[in-house]
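**Student:** A single structure is presented below for examination.
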Amino acid sequence: MADTYRNYINGEWIGGPTFENRNPADTSELVGLFVKGAPADVTAAAQAAQAALPGWAGMTAPGRGNFLFKVADILDRKAEQLANEMTREEGKTLPESRGEVRRAINIFRYFAGEGSRMPGMLVPSERDRVHMFALRKPVGVVGLVTPWNFPIAIPAWKMAPALICGNTVLVKPASAAPLSAWRIVEACHEAGIPKGVVNFIAGSGGDLGQALVEAPPLKAVSFTGSCSVGNWLHAEASKRRLRIQLEMGGKNPTIVCADADFNLAVENVVNGAFFSTGQKCTATSRAIVEEAIYDRFLDALVERTRKLKVGNGLEAGVDIGPAVDEAQLETDLRYIEIGRKEAGAPLIGGNRLTGGAYDKGWFVEPTLFANVTENMTIAQEEIFGPVLAVMRAKDFDDAMRIANGVPFGLSASVQTTNVTRVFDYVHRMEAGLLTVNLPSAGVEYQLPFGGTKDSSFGPKEQGPAALEFYSDYKTVYLKY
Ligand code: NAP
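Residue numbering for the sequence shown is 563 to 1042, as defined by the numbering used here.
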């Protein structure tokens, strides 16, 4: 019998009707039952967060940091359990889950340390004997809405900076993978964070979204997820002049130049496109390859992709887990059908995997379409699965033009040994996250994270930049 995970409001674990969290690699396994929050719970949580605000905001920032260090230590002690649970609820491989849990722990430690810095501003005045400075103050009650694909890292990279700045929070995790975020909240409880500072409501975003944006105490919303939900939240939040931060979809390119380290480029494209089942917002979904090496590169990509093992992420040797749920699997298969019509049969993959253990889950073959051109749907729309569009570019300039020819601008990669091209790409690429001779995915927490164009809106997340969204300045002029 699976455990039931209750919502957390004002320091209390609150029961109610539940929904299921199932393992996408083996849907016969019930990972947990989660209490399905109602709009009234959102309102209650926002009120609790409001009541807790003066105490938490009034504490010293290093004092808040001490709580975050404790949260990190608790997560660290349970790291292997958390990784195992994440693979069972989201499907990514165990090594990928271990890496993500480590990142969440590091994020809590990083922002705990930020409590001892909390940089404000101190500048000399034009006036004699005037002292002027700006202090950081919390924004207030903040709603944090997170997706399923990084189920512990994303809640961590929103919660930790929000809390260190003195805000109180209401966390709404994705219904497909709520357990990892729940574990952070459990750690906050165990760490003794005062009641009402952290609140957690699982349940359908469609049911809870309106109550969240309309909760009177709410001052800000940080959202990561799809463009459609993000755009809706933006419109609603604007009506109440809520501060909002949106991190949404991508259609990330990897440009492969003829001068690239060939084998490294093959590895980076395959890694970027297919690892984590292509379910990373920063995944490579377009490989834009210079004509001079196009055919040879395509052959090598197919050969490397053929070696990938798809299966249950708990098993050693598996490279790629399942789609997160049936709906995502159907989305993948629908785009594969569109790709067949637009670009012809895929060079490899293109089907749901069936037979034996595959019948228990939502498995799809890593799929590669060649000769994709710019206006095709599979070159323009985010799929969020292991589907790669390979495109031919006449030269580097043509590759840059194709790479920038989408509404998104989250991440991008270039594979080249030419330093001039590297800098050209750094300056001309319309994306917030750029890699060079690395996969398009794989970021760290110490630098700003986020995109441009339709991918993102508002201040960046992570690194020192995260403080900008979660704090306000109070500017002081003082005559002495
Ligand atoms: P999603 O369907 O937009 O859901 C994201 C979150 O929003 C979930 O918690 C969801 O709850 C909630 N939600 C749904 N409708 C809502 C509403 N009306 N009001 C308030 N919240 C609502 O996205 P997803 O399928 O979980 O994640 C995949 C998407 O996230 C992809 O587009 C991917 O590119 C993007 N992503 C972007 C980044 C980035 O940093 N740019 C990072 C990771 C993922 P339910 O689960 O209950 O529906």
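From the three backbone atoms N, C-alpha and C, an ideal C-beta is built for every residue, glycine too.
Every value quoted in this text rests on a predicted model; they were computed, and no experiment measured them.
Okay, do the stretch 678-689 and the stretch 661-668 touch, 3+ Cβ pairs below 8 Å being the bar?
**Tutor:** They do not touch, by the three-pair rule.
**Student:** Can you tell which of A773, T929, I817 has the C-alpha that lies nearest to the C-alpha of L915?
**Tutor:** Here the closest residue by C-alpha is T929.
**Student:** Got a sec: does ligand 1 put a non-hydrogen atom nearer than 7 Å to the Cβ of F695?
**Tutor:** Not so, every heavy atom of ligand 1 lies at least 7 Å from the Cβ.
**Student:** Identify the continuous alpha helix (DSSP H) that holds R660 and give its terminal residues.
**Tutor:** Run containing R660: 656-676, per the alpha helix (DSSP H) assignment.
**Student:** Check the C-beta distance from L770 over to G594 and give it rounded, since I have them as a contact under 8 Å.
**Tutor:** At roughly 19 Å, the Cβ-Cβ gap does not stay under 8 Å, so L770 and G594 are not in contact.
**Student:** Note down the Cα distance separating T893 from V828, rounded to an integer number of angstroms.
**Tutor:** Those two C-alpha atoms are separated by around 26 Å.
**Student:** Taking the alpha-carbon positions, what's the S684 to G620 distance?
**Tutor:** Reading off the sequence shown, one finds Leu at residue 684, where the question assumed Ser. If you take the alpha carbons of L684 and G620, they lie about 21 Å apart.
**Student:** Are three or more beta carbon pairs between the stretch 782-802 and the stretch 599-613 nearer than 8 Å?
**Tutor:** Flag = no, the stretch 782-802 and the stretch 599-613 do not touch.
**Student:** Taking all protein chains shown into account, do 16 or more other C-beta atoms lie within 10 angstroms of the C-beta of E651, making it buried, or fewer, making it exposed?
**Tutor:** So E651 counts as buried.
**Student:** Name the one or two DSSP bridge partners that Q841 has.
**Tutor:** Answer is none; Q841 lacks a bridge partner.
**Student:** Am I right that I755 and L732 are in contact with their C-beta atoms under 8 Å? What's the rounded C-beta distance?
**Tutor:** At roughly 14 Å, the Cβ-Cβ gap does not stay under 8 Å, so I755 and L732 are not in contact.
**Student:** Which term fits K1036, buried or exposed, when burial requires 16 or more other beta carbons within 10 angstroms of its beta carbon?
**Tutor:** By the neighbour-count rule (16 or more Cβ atoms within 10 Å), K1036 is not buried but exposed.
**Student:** Regarding S737 and ligand 1, is the C-beta to nearest heavy atom distance less than 7 Å?
**Tutor:** S737: yes, Cβ under 7 Å from ligand 1.
**Student:** When DSSP builds the beta bridges, which residues end up paired with Y920?
**Tutor:** None; Y920 has no bridge partner.
**Student:** From this set, D959, P884, I746, P579, which residue's C-alpha is nearest E927's C-alpha?
**Tutor:** Selected option, being the one with the closest Cα: P884.
**Student:** Checking the sheet assignment: what are the DSSP bridge partners for L1029?
**Tutor:** Partner(s): none; L1029 has no beta bridge.
**Student:** Entirely within the stretch 740-790 and at least 3 residues each: give me those beta strand (DSSP E) ranges in chain order.
**Tutor:** Listed in chain order, they are 760-762, 780-786.
**Student:** For a quick check, are the C-beta atoms of T816 and T846 less than 8 Å apart?
**Tutor:** Yes, the pair counts as a contact, with Cβ atoms nearer than the cut-off.
**Student:** Which residues in the same chain as A974 place their Cβ atom closer than 7 Å to its Cβ, once the five residues preceding and following it in sequence are excluded?
**Tutor:** N814, P815, A965, M991, A993, L996, S1002.
**Student:** Measuring only from the beta carbon, is K734 closer than 7 Å to any heavy atom that is part of ligand 1?
**Tutor:** Yes, since a heavy atom of ligand 1 falls inside the 7 Å radius drawn around the Cβ of K734.
**Student:** Got a sec, what are the start and stop residues for the alpha helix (DSSP H) R568 sits in?
**Tutor:** Element bounds for R568: n/a, residue is neither H nor E.
**Student:** For the alpha helix (DSSP H) containing R963, list its first residue and its last residue.
**Tutor:** Segment 958-965, the alpha helix (DSSP H) holding R963.
**Student:** Under 8 Å: do the stretch 717-732 and the stretch 577-585 share three or more Cβ pairs, one atom per stretch?
**Tutor:** In short, these stretches do not touch, since the Cβ pair count stays below three.
**Student:** Measure from the alpha carbon of E676 to the alpha carbon of each residue in P779, Y1039, Y1042, Q1024, then state which is nearest.
**Tutor:** Comparing Cα positions, the closest option is Q1024.
**Student:** Output yes or no for whether 8 Å exceeds the beta carbon distance between C750 and V633.
**Tutor:** Contact: yes.
**Student:** Alpha carbon to alpha carbon, how far is F970 from G875? Give it in angstroms, no decimals.
**Tutor:** So the alpha carbons of these two residues sit roughly 30 Å apart.
**Student:** Figure out for me which residue from S590, P948, A602, M563 has the closest Cα to the Cα of I571.
**Tutor:** Out of S590, P948, A602, M563, A602 has the C-alpha closest to the C-alpha of I571.
**Student:** Hey, would you say F931 sits closer than 8 Å to G967, going by beta carbons?
**Tutor:** Cβ atoms of F931 and G967: not closer than 8 Å.
**Student:** Measure the C-alpha to C-alpha separation of M648 and Y1042 and round it to an integer number of angstroms.
**Tutor:** Looking at the two C-alpha atoms, the distance is approximately 57 Å.
**Student:** Compute the Euclidean distance between the alpha carbons of L870 and L972, then round it to the nearest angstrom.
**Tutor:** Their Cα atoms are separated by approximately 26 Å.
**Student:** Tell me whether N980 counts as near ligand 1, meaning its Cβ is closer than 7 Å to at least one heavy atom of that ligand.
**Tutor:** It does not: the Cβ of N980 is nowhere closer than 7 Å to a heavy atom of ligand 1.
**Student:** Just checking, does the stretch 684-701 make contact with the stretch 625-644 on the three C-beta pairs under 8 Å criterion?
**Tutor:** The answer is no - the stretch 625-644 does not touch the stretch 684-701, with fewer than three Cβ pairs under 8 Å.
**Student:** Can you give me the C-alpha to C-alpha distance between C843 and E688, rounded to a whole angstrom?
**Tutor:** Straight-line Cα distance between these residues: approximately 47 Å.
**Student:** Out of G573, E888, G911, V597, which one is the CA nearest neighbour of K922?
**Tutor:** Answer by Cα proximity: E888.
**Student:** Just how far apart, CA to CA, sit R848 and W618?
**Tutor:** Taking the straight line joining both Cα atoms gives about 46 Å.
**Student:** Need the endpoints of the alpha helix (DSSP H) that G627 sits in, please.
**Tutor:** G627 -> alpha helix (DSSP H) spans 623-639.
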